[in-house]
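Chains A and B are the protein sequences, given in the same order. Taking the numbering used here, I'd label the letters of the first sequence as residues 156 to 451. Taking the numbering used here, I'd label the letters of the second sequence as residues 670 to 1014. Where is the CB? At the ideal position from N, CA and C, for every residue including glycine.
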Amino acid sequence: MTSATLGAEKRPISFKIPSTGSVQLNLGIIIFSLVVLALLSQWAFLTPADLDGNLAARLKPPGFVDRNGVTHILGTDQLGRDLFFRVLAGLPWSLGISGVAVVLVALIGTTIGLIGAWNSGIVRTVVLLGIASIIAMPFLVLALVVVALIGRGFWPISLTMGFIAWPAIARVIYAESRGLLQREYVLAAQLFGVRSIPILLFHVLPGLRPTILVMAAFFFAVLLIIESALSFLGLGAPLNAPSWGNMLSDSRQYLVNAPWMMLVPAAAIVSSVISLNLIGDGVAELSRRRGRAVDV
Amino acid sequence: MTDLAKDAKPVAAATPPGATVRASTAAADVQTIPVWQNISNVLGRRLIELLVLLVFVSSTLFFLLRFTGDPAAVLAGETGDQEQLELIRKQYGLDKPLPVQYGIFLIKMVQLDFGKSFANAQDALGLVFERLPTSFTLVLIAFTANLCTSIPMGAWLGSRPDKTGRKLASTFVFVAQGIPGYITGLLLIQLFAVELRWLPSIGNQGPQSWIMPAITLASFQAPQVIRVISANVAEAMREDYIRTARANGAGFSTLLWRHALKNAMLGATALIGAQVSFLLGGSVITEVIFAWPGLGRLLVTSVQTLDFPVVQAAVFMIAVFVYLAIMITDFVFLLIDPRLRRQRA
Chain A
156 MTSATLGAEK RPISFKIPST GSVQLNLGII IFSLVVLALL SQWAFLTPAD LDGNLAARLK
216 PPGFVDRNGV THILGTDQLG RDLFFRVLAG LPWSLGISGV AVVLVALIGT TIGLIGAWNS
276 GIVRTVVLLG IASIIAMPFL VLALVVVALI GRGFWPISLT MGFIAWPAIA RVIYAESRGL
336 LQREYVLAAQ LFGVRSIPIL LFHVLPGLRP TILVMAAFFF AVLLIIESAL SFLGLGAPLN
396 APSWGNMLSD SRQYLVNAPW MMLVPAAAIV SSVISLNLIG DGVAELSRRR GRAVDV
Chain B
670 MTDLAKDAKP VAAATPPGAT VRASTAAADV QTIPVWQNIS NVLGRRLIEL LVLLVFVSST
730 LFFLLRFTGD PAAVLAGETG DQEQLELIRK QYGLDKPLPV QYGIFLIKMV QLDFGKSFAN
790 AQDALGLVFE RLPTSFTLVL IAFTANLCTS IPMGAWLGSR PDKTGRKLAS TFVFVAQGIP
850 GYITGLLLIQ LFAVELRWLP SIGNQGPQSW IMPAITLASF QAPQVIRVIS ANVAEAMRED
910 YIRTARANGA GFSTLLWRHA LKNAMLGATA LIGAQVSFLL GGSVITEVIF AWPGLGRLLV
970 TSVQTLDFPV VQAAVFMIAV FVYLAIMITD FVFLLIDPRL RRQRA
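Given below as structure tokens:
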């Protein structure tokens, strides 16, 4: 009561954190920013020497203090490398590769979906047939085989995933833009003589924004899982790179003696994936509240 | 918004069977065609898709292999000298011009001749067929386990989503969705094989050794299926025909299991058809974790050793397998859902 009247006279200084209005989205953004902050922080204090192994401190549990007085917060691996630093250094690999791939997937998927929706006849048939057939193939199998042929490394993996994973997004974009193209404002633009590309770019694309955002968030998570799976199978990031999948793969032989070797990269993967799923869910819920359901 | 939804999901947006009033108004532009005709239409389309996929994937592999390096050098290994390279080129037809090679490759693919494995000179397709039953067992168990847990779980979560217990369970499912299957597999090994020593963690040694790989494989997709089904059930429970059935005195369990779930399941058709594709992809990594002697592990080892005939044959069979599963799902749903037999005139 009093606070309300006070507020009417003099607005109190608000310490409220800016909020998006969706609990899931907020939570997702917070966790994801923590992960990315950790990524950025490594340039501040991580030196190449931190990643070197110390064979005197092999397979030590979390909290181990070695002879030099250095605490290994998350323990060490089979070569005595500090797992905390390794997980940090793995961020550019795991999140970087899937980040590049997801941008590519969104670009290709949106373009092809729009092409299929705008054209009719043979072009649409080809687009739909291509989407339907590629989408059926297990993604991991395709990625595995292609990466084996064109080689490992940051760019080969991210480009491969980008060029293989687009059909799922293209299908959703196609369905959505078919609906948008039937709207009156598109017809009005056509009657004003606006050409096809400006119509697609300035009239249809803005309407697809929430869909693209939601799909991109979910696909970021999916691609992160696939990247780690490839590394886990020994066909992803180069063997010595501190990719999370590589760390998991290393840990398999030491499950009995050093379970933390598995738990540390697993926690990194799981927290990134959950935060990305939260962001996707949050954006979907926000646009649903604004009366624009996102159908994924 | 409505035409958009119709465009995206014609099946899910169709009129529910209970609503006779709406069905009669929609009947103007909808006609029922004979079952067999619809089935042959759908299956014919799937066969074309499969053909496109097979040609696309094998051609991609064919050209990537030839453009990213010298296949003869790959075959000869590190010890091959110039003479050996020439011999291998002649033997495998690599000295011919590229279009000719491609033509020969396509003809051989039609004849299901993928060549012999580089590793042990066995017939590549034979090797794949040898491994198929073990993989099939695993995928089938995981598929059954997946549906047997996901459908009741999804129905339970979706029936009254606002209750506290179900909110907690939904959160749990959400978290589970963020855990990739291979991490589940490693956690299971850590718990049941290393700590408790209850289950064997390696190989195919009878039913006991099926448990962990099957759970691992099922866990790749189960949370997602649960979430989709529960969302569909929750939506179906708000429909008019449910209210009508309730007004007619139907009990809650009849409403849920007989009316709402049926419609919710039909919305999830595509998801269930795609399950086998997901499971086969997941089986690659599951088989490696549990040293399961199946197709996925064969694929990974032959990819690692660059044994291309086997890779081609394995990829070919996986594509065929996936489309077989999709066609069976199509077939079953066409038989049980009368709405799919209607076609727009």
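In this structure, how does DSSP classify residue 226/A when only helix, strand and coil are distinguished?
Of the three classes helix, strand and coil, the one that applies to residue 226/A here is strand, per DSSP.
What three-state label does DSSP hand residue 808/B in the structure shown?
DSSP places residue 808/B in the helix class (H, G or I) of the three-state scheme.
Under 8 Å, Cβ to Cβ, is there at least one residue of chain A near residue 718/B?
The C-beta of residue 718/B comes closer than 8 Å to at least one C-beta of chain A.
Could you check the C-alpha separation between residue 191/A and residue 239/A for me, to the nearest Å?
Straight-line measurement puts the Cα of residue 239/A at about 15 Å from the Cα of residue 191/A.
Counting contacts by CB-CB distance shorter than 8 Å, is residue 300/A in contact with chain B?
By this cut-off, residue 300/A is an interface position.
On the CB-based measure, 16 or more other CB atoms within 10 Å of its CB, does residue 971/B come out buried or exposed?
Counting Cβ neighbours within 10 Å, residue 971/B comes out buried, since at least 16 surround it.
What would DSSP say about residue 792/B, mapped onto helix, strand or coil?
In the structure shown, residue 792/B sits in a strand (DSSP, three-state: E or B).
Looking at the secondary structure, which residues open and close the alpha helix (DSSP H) in which residue 321/A lies?
Unbroken alpha helix (DSSP H) run through residue 321/A: 321-336.
Specify, as a first and last residue, the run of the alpha helix (DSSP H) that residue 630/B falls within.
Nothing can be reported for residue 630/B, as the shown portion of chain B is limited to 670 through 1014.
Cα-Cα separation between residue 923/B and residue 805/B, rounded to whole angstroms:
Cα-Cα distance, rounded: 35 Å.
Residue range of the alpha helix (DSSP H) that residue 899/B falls in?
Segment 880-906, the alpha helix (DSSP H) holding residue 899/B.
Of the residues that make up the segment 846-878 of chain B, which ones have a beta carbon closer than 7 Å to any beta carbon in chain A?
Of all residues in the segment 846-878 of chain B, 846, 847, 848, 849, 851, 852, 855, 858, 859 and 863 have a Cβ within less than 7 Å of some Cβ in chain A.
When we look at the beta-carbon of residue 736/B and count the other beta-carbons within 10 Å, is it buried (16 or more) or exposed?
Under a 10 Å Cβ-count criterion, residue 736/B is classified as exposed, with fewer than 16 other Cβ atoms of the shown protein chains found around its own Cβ.
Report all residues from its chain with a CB closer than 7 Å to the CB of residue 410/A; omit the five preceding and five following residues, and keep chain order.
Taken in chain order, the residues that qualify are 417.
List the residues that DSSP assigns as beta-bridge partners of residue 231/A.
Paired residues: 237/A.
Report yes if the CB atom of residue 283/A is closer than 8 Å to the CB atom of residue 721/B, and no otherwise.
Between residue 283/A and residue 721/B, the gap from beta carbon to beta carbon reaches 8 Å or more.
How would you list, in chain order, the residues of chain A whose beta-carbon sits under 7 Å from the beta-carbon of residue 888/B?
Those within 7 Å of residue 888/B in chain A number zero; the least Cβ separation is about 12 Å.
I believe residue 379/A touches residue 253/A by the beta-carbon criterion, under 8 Å. Please report the beta-carbon distance rounded to the nearest angstrom.
At roughly 4 Å, the Cβ-Cβ gap stays under 8 Å, so residue 379/A and residue 253/A are in contact.
Note down, in chain order, each residue of its chain lying with its Cβ closer than 6 Å to the Cβ of residue 269/A, except the 5 sequence neighbours on either side.
Around residue 269/A: 332 and 355.
Could you please give the first and the last residue of the uninterrupted alpha helix (DSSP H) stretch that includes residue 415/A?
Residue 415/A -> alpha helix (DSSP H) spans 415-444.
Pick out whichever of 876/B, 887/B, 867/B and 825/B has its Cα sitting closest to the Cα of residue 947/B.
The residue with the shortest Cα to Cα distance from residue 947/B is 887/B.
Where the segment 959-975 of chain B meets chain A: residues whose CB sits under 9 Å from a CB there:
If the cut-off is 9 Å between Cβ atoms, the segment 959-975 of chain B has 965, 968, 969, 972, 973 and 975 near chain A.
Are three or more beta carbon pairs between the segment 433-440 of chain A and the segment 362-378 of chain A nearer than 8 Å?
Yes, they touch.
Could you name the residues of chain A that residue 884/B contacts, counting a contact when the two beta carbons are closer than 7 Å?
Going along chain A, no residue has its Cβ under 7 Å from residue 884/B, so there is no contact; the nearest lies around 16 Å.
Do you know offhand how far residue 827/B's Cα is from residue 939/B's?
The alpha-carbon separation between residue 827/B and residue 939/B amounts to approximately 19 Å.
For residue 347/A, three-class secondary structure by DSSP
In the structure shown, residue 347/A sits in coil (DSSP, three-state: anything other than H, G, I, E or B).
Residue 759/B, DSSP secondary structure in three states
Residue 759/B carries a helical assignment under DSSP once its states are collapsed to helix, strand and coil.
Measuring straight from C-alpha to C-alpha, what distance separates residue 303/A and residue 364/A?
If you take the alpha carbons of residue 303/A and residue 364/A, they lie about 35 Å apart.
If you measure between the beta carbons of residue 300/A and residue 847/B, is that distance less than 8 Å?
Not closer than 8 Å, so no.
Which one of 293/A, 244/A and 309/A has the shortest CA to CA distance from residue 256/A?
When each option's Cα is compared against that of residue 256/A, the closest is 309/A.
Anyone know if the C-beta pair for residue 293/A and residue 987/B falls short of 8 Å?
Against a cut-off of 8 Å, the Cβ pair of residue 987/B and residue 293/A comes out as a contact.
Alpha carbon to alpha carbon, how far is residue 399/A from residue 438/A? Give it in angstroms, no decimals.
Going from the Cα of residue 438/A to the Cα of residue 399/A covers about 27 Å.
Using 8 Å as the threshold, is the C-beta distance between residue 823/B and residue 902/B below it?
A contact, by the Cβ cut-off of 8 Å.
So, does the segment 710-717 of chain B touch the segment 995-1004 of chain B, judging by three or more C-beta pairs under 8 Å?
In short, these stretches touch, since the Cβ pair count reaches three.
Would you say residue 395/A faces chain B, with C-beta separation under 8 Å as the test?
The beta-carbon of residue 395/A is placed no less than 8 Å from the nearest beta-carbon of chain B.
Quick check on this structure: which residue in 879/B, 859/B, 769/B and 868/B has the alpha carbon closest to the alpha carbon of residue 809/B?
When each option's Cα is compared against that of residue 809/B, the closest is 879/B.
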